[in-house]
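Worksheet: one structure, shown below.
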Amino acid sequence: MLEAESSASTHDAVVVGAGFAGLYALQRLRNLGLSTVVLERGDDIGGTWFWNRYPGARCDVESLQYSYSFSDELQQEWSWSERFASQGEILRYINYVADRFDLRRDITLNTSVVRAHYDDASAMWDIASADGRVYRARYVVFATGCLSVPVEPEINGLDAFQGRILRTSTWPKEGVDFAGKRVAIIGTGSSGIQCTPVIAEQADHLFVLQRTPNYSVPGRNQPMDPDFESDWKKNYREHRLAALATRSNNLFNAGTVPGRQVSFEEREREFERRWQVGGLGFVYAYPDMTSDPEVNKHATDFVHRKIAEKVKKPEVAARLVPSEYPIGGRRLCVDNGYYETFNRDNVTLIDLRTEPLLGMTRDGFRTAGGEHVIDMLVLATGFDAFTGALSRIDVRGRNGLSLNDKWADGPDTYLGICVSGFPNLFMITGPGSPSVLSNVVLAIEMHVNWIADCVAHARARQARVIEANTDAEVEWVDKVAALAQGTLISKTKSWYTGANVAGKTSKYFLYMGGTPAYMRELQQAGPDNDCPGLSIA
Ligand code: NAP
875 MLEAESSAST
885 HDAVVVGAGF
895 AGLYALQRLR
905 NLGLSTVVLE
915 RGDDIGGTWF
925 WNRYPGARCD
935 VESLQYSYSF
945 SDELQQEWSW
955 SERFASQGEI
965 LRYINYVADR
975 FDLRRDITLN
985 TSVVRAHYDD
995 ASAMWDIASA
1005 DGRVYRARYV
1015 VFATGCLSVP
1025 VEPEINGLDA
1035 FQGRILRTST
1045 WPKEGVDFAG
1055 KRVAIIGTGS
1065 SGIQCTPVIA
1075 EQADHLFVLQ
1085 RTPNYSVPGR
1095 NQPMDPDFES
1105 DWKKNYREHR
1115 LAALATRSNN
1125 LFNAGTVPGR
1135 QVSFEERERE
1145 FERRWQVGGL
1155 GFVYAYPDMT
1165 SDPEVNKHAT
1175 DFVHRKIAEK
1185 VKKPEVAARL
1195 VPSEYPIGGR
1205 RLCVDNGYYE
1215 TFNRDNVTLI
1225 DLRTEPLLGM
1235 TRDGFRTAGG
1245 EHVIDMLVLA
1255 TGFDAFTGAL
1265 SRIDVRGRNG
1275 LSLNDKWADG
1285 PDTYLGICVS
1295 GFPNLFMITG
1305 PGSPSVLSNV
1315 VLAIEMHVNW
1325 IADCVAHARA
1335 RQARVIEANT
1345 DAEVEWVDKV
1355 AALAQGTLIS
1365 KTKSWYTGAN
1375 VAGKTSKYFL
1385 YMGGTPAYMR
1395 ELQQAGPDND
1405 CPGLSIA
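Take any residue in the sequence shown, note its place counting from 1, add 874, and you have its number in this note's numbering.
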């Protein structure tokens, strides 16, 4: 028990995090009649969309899909202004949802959770914030996000740099004026690729420091077509159901005929068609895009050719072409004019593989090629994904077992939601679930609904404890690992496998069986079947 327990405020449930996941968890648990409080470290709600407000930040899932489905009234009354919503519009939407469902009164901001200890005797959790407040609750729900803890890169002399250092993951609310500034950006993942064109338009000069090139497809964002929107809204339910029937819970108009079965010319036409449509649908052209080497190579070559066509200087284009891995191994990026940015006179691409970064100096940065003076450094260097947020909280389950110790060899979970030895603890889009491989808002809803149904089931039996069985957990971990075996994702170094964080790696951060199979797993594991993998007592 924690020392300040006598002054603890007691609730049925504490939810950690007030992003998409935390808000919906509050809505569902409250509707079950549970007194629930949400603890949020930020000074406002929104999670990812609160923090990542860098210029150009935009969702790469279409806005009509990247939104809650739990309320048809909400679906009907909210209007998205663009095909792909900007960070600002998504944050407005989240705030609208919070007001509409009167969620704010149960959200406590500026509250960074540092400890969560389970008390065996009372079957309650004691949860402490950095400033010493303590909360007691039967249930703790971690809605802490898959990509919420930034990785601080190891760069020599970072402290010596006298200019301004900005991080895409914690961008200043007041924005940044790049006019007249010399800027360098480190990181060419989705975040870097999105903000590079916008910064380049404003800055005096922009250096893009690239270690590994990524594949990016054009977003072709556009204002929302009112006819498309009204048509979609008339059939929202059908669209949602159709999305649930796809592997990624997202309607990309996925091809069903294997690419291996069609001619090279036909594949070329289909790639071109999807390239013109824009967005992530490119990698869904054929079901064997990432599994058949010939089809995958064709798609990879296609994007290489596109880069070469867009970038005028062949030597610059060559540096932008990914050569270390094929398309589909890492998360595909979606851009708005990224490659074209390198045709600007005020943009310099520095390839750190041939010209290593030696470090920062007082006035800029030094590479093997020399020193460059800059005013600002932008870090778009990624996240400690999946486990980053939980590993920074001192979570202890039965008999004081530490979650970090339990997960020393990898994040064993049951369904990506529960952990044996940690009763009444739930994670939303936790490791071992499809999470970022699917439309994450709908993945969140799926988890919250399952958790709420299990809690209702336990309460109906007046049970105090819900806990994953060790056998069920072992079986789940094996299943997740087997599904990952041999996939392109598991063979490629990226944040998907933990390779971007020193000392971290795992084959089972992600369930790769696709949404329909995962939904069947949840169904079989849920209250309709008396929760066979859980002990409810
Ligand atoms: P990321 O994909 O992990 O990219 C991080 C970048 O920083 C990589 O280019 C990496 O290079 C580079 N880097 C890290 N440390 C470095 C160092 N010491 N020196 C030089 N380069 C270094 O992170 P992200 O761009 O933030 O994206 C993460 C995920 O967030 C995305 O994949 C996506 O799922 C999500 N996201 C989505 C959107 C969207 O919806 N549009 C936008 C942003 C992010 P290496 O590759 O060589 O390690």
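Just so it is clear, CB atoms sit at the ideal spot from N, CA and C, and this is done for glycine as well. Just so it is clear, the structure is predicted and the values come from calculations on it, not from any experiment.
| query | result |
| --- | --- |
| Segment contact, 8 Å Cβ cut-off, at least three pairs: the segment 881-892 with the segment 996-1013 | yes |
| As assigned by DSSP and simplified to three states, the class of V1314 | helix |
| DSSP-derived helix/strand/coil call for M1393 | helix |
| Whole runs of the alpha helix (DSSP H) within the segment 940-965, excluding any shorter than 4 residues | 946-951 |
| Cβ-heavy atom distance, R932 to ligand 1, below 7 Å | yes |
| Sub-8 Å separation of A1058 and L1032 beta-carbons | no |
| Paired residues, beta bridge with V1208 - DSSP | V1091 |
| Validate contact between the segment 1314-1334 and the segment 1271-1286 using beta carbons, cut 8 Å, 3 pairs | no |
| Distance between R1338 and E879 (C-alpha atoms, nearest Å) | Note that E879 scores a pLDDT of 49, beneath 50, so its modelled location is shaky and nothing firm can be said. |
| Local Cβ density within 10 Å of E839, reported as buried at 16 or more and exposed below that | Any question about residue 839 goes unanswered here, given that the chain covers just 875 to 1411. |
| Host beta strand (DSSP E) of W1350 (start-end) | First-last for W1350: 1344-1358, but that is the alpha helix (DSSP H), not the beta strand (DSSP E). |
| The beta strand (DSSP E) enclosing W999, as first and last residue numbers | 998-1003 |
| Between the CA atoms of R1240 and E1229 - distance to the nearest angstrom | 10 Å |
| Three-pair Cβ contact test at 8 Å for the segment 1246-1265 versus the segment 1301-1312 | yes |
| R1041: CB within 7 Å of a non-hydrogen atom of ligand 1 | no |
| Selection from I981, Q961, L1080 that minimises the alpha carbon distance to F924 | Q961 |
| C-alpha distance - R915 paired with K1180, whole-angstrom precision | 42 Å |
| Proximity test, P1027 beta-carbon vs ligand 1 heavy atom, cut-off 7 Å | yes |
| Runs of beta strand (DSSP E) wholly within the segment 1087-1174 (minimum 3 residues, chain order) | 1090-1092 |
| Cα-Cα separation, H1178 to G1202 | 14 Å |
| Counted within 10 angstroms of its Cβ, other Cβ atoms place E1168 as buried (16 or more) or exposed | exposed |
| Near ligand 1: F1257 beta-carbon under 7 Å from a heavy atom | yes |
| Heavy atom of ligand 1 within 7 Å of V1082 beta-carbon | no |
| Q939 beta carbon near ligand 1 (any heavy atom closer than 7 Å) | no |
| heavy atom of ligand 1 below 7 Å from N984 C-beta | no |
| Proximity below 8 Å, CB of N1030 to CB of M1320 | no |
| beta-carbon S1064 near ligand 1 non-hydrogen atom, thresh 7 Å | yes |
| Secondary structure of V988, DSSP reduced to three states | strand |
| heavy atom of ligand 1 below 7 Å from N1374 C-beta | yes |
| Close-in-space but distant-in-sequence residues of the same chain around K1184 (CB under 7 Å, 5 per side omitted) | Y1213, E1214 |
| Identified DSSP bridge partners for M1234 | F1239 |
| Same chain, Cβ closer than 6 Å to N984, neighbours up to 5 away in sequence not counted | D917 |
| Beta-carbon spacing of E963, S953 below 8 Å | no |
| beta-carbon I1181 near ligand 3 non-hydrogen atom, thresh 7 Å | Ligands displayed in this structure: ligand 1; ligand 3 is not among them. |
| Outcome for K1378 when other beta-carbon atoms lying within 10 angstroms are tallied against a minimum of 16 | buried |
| Buried or exposed by the 16-neighbour rule on C-beta atoms within 10 Å, applied to D1039 | At residue 1039 the sequence reads Ile, which differs from the Asp that was named. Exposed, by the Cβ-count rule. |
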